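The listed protein sequences correspond, in order, to chains A and B.
Take 495 as the starting number for the first sequence in my numbering and just add one per residue.
Take 3 as the starting number for the second sequence in my numbering and just add one per residue.
Structure, as structure tokens:
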Amino acid sequence: MIPAAFEYVRPSSVDEALAALADPDAKAIAGGHSLVPMMKLRLARPSVLVDLAPLGLRGVTRDGDVLRIGALTTYDDLVRSDEPVPDALREAAASVGDVQVRNAGTIGGAVAHGDPSSDLLAAVLALDTIIGLRSAAGTREVAATEFVLGPFETALGQQELLEEIVVPVHGPGDGSAYHSFEDDASGYPLAGAAVRVHAGGVSVGLTGATPIPVRAASLEAALADGDLGEAAVLAAVEQVELSAGADDPDFTRSLVTAAVRRAFASAHARARGVT
Amino acid sequence: MEIELRVNGRGHALTVEPRTLLVHALRDELQLTGTKVGCDTSQCGACTVLVDGRAQKSCTLLAVRMDGAEITTIEGLAGDSGPHPLQEAFAEHHGFQCGFCTPGMILSSADLLAREADPSDEQIRHALAGNLCRCTGYQQIVESVRAAATAGDGT
């Protein structure tokens with residue numbers, strides 16, 4: 495399978511890249527591990543492909559209480575970073591695809607792509623991440639919770655680039671984890687849960703079983719006083735909208751419950767300094 | 003489009019369409035047919051090559067984006083002194099049957115051993131999750147990688 499023909503642009507500056515995206519059918523490419531397969535299947539047929547690789551944008555930098563993660567940082571870069579990457583994010587990145595995919599696929603590409611079953615987005619949501627965007631008009635920051643709008647639909651504009659992901663560093667008393675049950679054939683999560691335990695309460699991001707990656711308010715409330723048992727967590731999961739067409743909704747809910755409880759147990763132990 | 007592709011230590015000036023996949027540039031332009039096209043959907047890993055030392059799937063890479071990268075295919079793994087320890091170990095321990103997945107298996111294993119000199123069986127299996135063998139020879143493949151790791155540190 496070969497992609498449809500396109501014009502290839504290798505910009506030497508962000509401004510040049512933004513200018514090349516003026517064509518409404520132009521598309522930016524980062525790691526290309528979602529986009530190229532879609533182009534091969536002709537599900538995507540960009541007229542112009544704007545290569546972001548020459549712009550750098552790769553690496554994890556500590557900036558006070560936050561980490562600035564360049565859009566072209568690969569999953570593997572995140573997994574192996576020496577910076578204090580929150581465990582939920584590191585574990586979600588380690589759950590993506592296989593070694594070859596993690597060596598090439600990028601965090602910015604994953605967030606911009608808005609895959610409804612993205613491991614990474616569950617963690618990005620649970621960690622109160624900010625998405626840094628740039629256009630000719632300047633930069634803007636969007637909360638992750640307001641960035642993911644639908645399956646493959648995000649707040650990223652056509653003539654806009656996702657430059658970085660800004661993630662708060664865990665302080666004392668913070669702990670996080672990601673746990674998923676994967677489909678053996680595809681590697682995608684059937685149910686994935688990212689949990690952050692912090693002084694203000696508990697944050698829960700879900701993926702795989704929900705129509706798009708979401709924050710789950712019912713679970714955040716249910717876990718505020720700790721894990722009160724399987725029945726209590728399951729009751730909160732029952733208030734979460736699951737993907738339509740699940741073969742067996744009860745099975746899916748039990749998977750979500752188990753993923754949430756396991757991620758919570760790890761996050762809670764880490765928050766107390768027990769690992 | 004004119005590109006310079008560095009493969010197995012040699013530079014090649016090529017003219018390719020932007021949509022040319024790396025695997026086709028390697029096989030059709032450079033006649034390096036050791037790299038296989040298996041599933042063509044970035045799942046099976048038969049097209050795995052090393053890009054700057056790291057295993058990647060060449061059916062999912064555009065050749066034009068490889069300008070400046072150092073690519074290693076199975077043809078370039080052996081040194082002047084003979085086969086690579088992984089190649090020796092796969093032959094010795096029956097790490098392949100039909101051989102179609104073998105170049106990818108060996109290059110993914112090379113990525114692993116470069117980062118983890120003495121991997122556990124679990125680490126080996128985890129590192130090879132993106133490489134499928136349809137002859138179901140996984141047990142011997144894992145044994146081969148383990149043997150190569152052992153040979154590598156001289157024990």
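From the three backbone atoms N, C-alpha and C, an ideal C-beta is built for every residue, glycine too.
Here the structure is a predicted model, which means the values were calculated and not measured.
Taking 8 Å as the cut-off, decide whether the C-beta atoms of residue i and residue j are in contact.
i, j, result
"Gly681(A)", "Gly702(A)", "no"
"Gly747(A)", "Glu732(A)", "Strictly speaking, residue 747(A) in this sequence is Arg, with Gly absent from that position. For Arg747(A) and Glu732(A), yes; Cβs fall inside 8 Å."
"Val525(A)", "Gly603(A)", "Before going further, note that residue 525(A) is Gly rather than Val in the sequence given. Result yes, Cβ atoms of Gly525(A) and Gly603(A) sit closer than 8 Å."
"Pro666(A)", "Val560(A)", "no"
"Val689(A)", "Phe745(A)", "no"
"Asp613(A)", "Val590(A)", "yes"
"Val66(B)", "Met3(B)", "yes"
"Glu657(A)", "Arg634(A)", "no"
"Leu79(B)", "Ile108(B)", "yes"
"Val18(B)", "Leu34(B)", "no"
"Ser670(A)", "Asp581(A)", "yes"
"Leu63(B)", "Leu32(B)", "no"
"Ala786(A)", "Ala638(A)", "It is not possible to answer for residue 786(A), since the shown part of chain A is limited to 495 through 769."
"Gly55(B)", "Ala129(B)", "no"
"Gly47(B)", "Gly97(B)", "no"
"Pro578(A)", "His692(A)", "no"
"Ala729(A)", "Ser674(A)", "no"
"Pro743(A)", "Leu736(A)", "yes"
Go ahead and label residue i buried or exposed: buried means 16 or more other beta carbons lie within 10 angstroms of its beta carbon, across all protein chains shown.
i, result
"Val624(A)", "Position check: residue 624(A) holds Ile in this sequence, whereas Val was assumed. Result: buried."
"Cys41(B)", "exposed"
"Gly156(B)", "Low local confidence applies: a pLDDT of 41 at Gly156(B) is under 50, so the model's placement there is unreliable, and no value is given."
"Pro610(A)", "buried"
"Cys100(B)", "exposed"
"Ile659(A)", "buried"
"Cys137(B)", "exposed"
"Glu724(A)", "exposed"
"Ala766(A)", "The identity of residue 766(A) in the sequence shown is Arg, whereas the question assumes Ala. The residue is exposed, with fewer than 16 neighbouring Cβ atoms inside 10 Å."
"Leu643(A)", "exposed"
"Gly626(A)", "buried"
"Ser146(B)", "buried"
"Gln58(B)", "buried"
"Glu654(A)", "buried"
"Leu512(A)", "buried"
"Ser83(B)", "exposed"
"Arg536(A)", "exposed"
"Gly739(A)", "exposed"
"Gly599(A)", "buried"
"Ala631(A)", "exposed"
"Thr555(A)", "exposed"
"Pro85(B)", "exposed"
"Ser507(A)", "exposed"
"Gly139(B)", "buried"
Should residue i be listed as close to the ligand NAD, given that the test is whether its C-beta is under 7 Å from any heavy atom?
i, result
"Leu28(B)", "The ligand NAD is absent from the structure shown, which contains no ligand whatsoever."
Since residue i contacts residue j with CB under 8 Å, what's their CB separation in whole angstroms?
i, j, result
"Ala151(B)", "Ala119(B)", "7 Å"
"Gly695(A)", "Ala620(A)", "That belief does not hold up - the Cβ atoms of Gly695(A) and Ala620(A) are roughly 12 Å apart, past 8 Å."
"Pro531(A)", "Thr37(B)", "About 18 Å; that fails the 8 Å criterion."
"Leu7(B)", "Leu16(B)", "6 Å"
"Asp123(B)", "Arg148(B)", "7 Å"
"Val618(A)", "Val605(A)", "6 Å"
"Met495(A)", "Lys534(A)", "4 Å"
"Asp592(A)", "Gly11(B)", "The pair is not a contact, with the Cβ atoms about 27 Å apart (cut-off 8 Å)."
Residues of the region 100-112 of chain B with a CB closer than 7 Å to any CB of chain A: list them in chain order, please. Ser110
If contact means a Cβ-Cβ distance below 7 Å, which residues of the region 39-57 of chain B contact chain A? Asp42, Thr43, Ser44, Gly47, Thr50, Arg56 and Ala57
Can you list, in chain order, the residues of the region 3-30 of chain B whose Cβ is nearer than 9 Å to any Cβ on chain A? Met3, Glu19, Pro20, Arg21, Thr22, Leu23 and His26
Across the region 539-547 of chain A and the region 501-510 of chain A, are there enough close Cβ pairs to call them in contact, namely three or more that are closer than 8 Å? yes
Beta carbons nearer than 8 Å to chain B: which residues of the region 686-713 of chain A have them? none
Contact between the region 550-570 of chain A and the region 100-109 of chain B is defined here as three or more beta-carbon pairs at a separation below 8 Å; is this criterion met? no
Within 9 Å of chain A by C-beta, residues of the region 126-147 of chain B in sequence order: His128, Ala129, Leu130, Ala131, Gly132 and Asn133
Chain-ordered residues of the region 531-555 of chain A with a beta carbon less than 9 Å from chain B: Pro531, Met533, Lys534, Leu535, Leu543, Asp545 and Ala547
Closer than 8 Å between beta carbons: that is the criterion. Which residues of the region 724-739 of chain A meet it against chain B? none
Please list the residues of the region 659-682 of chain A that have a C-beta atom closer than 9 Å to any C-beta atom in chain B, keeping them in chain order. Ala679, Ser680 and Gly681
Residues within the region 60-88 of chain B neighbouring chain E, beta-carbon criterion of under 9 Å: Among the protein chains in the structure shown, which are A and B, there is no chain E.
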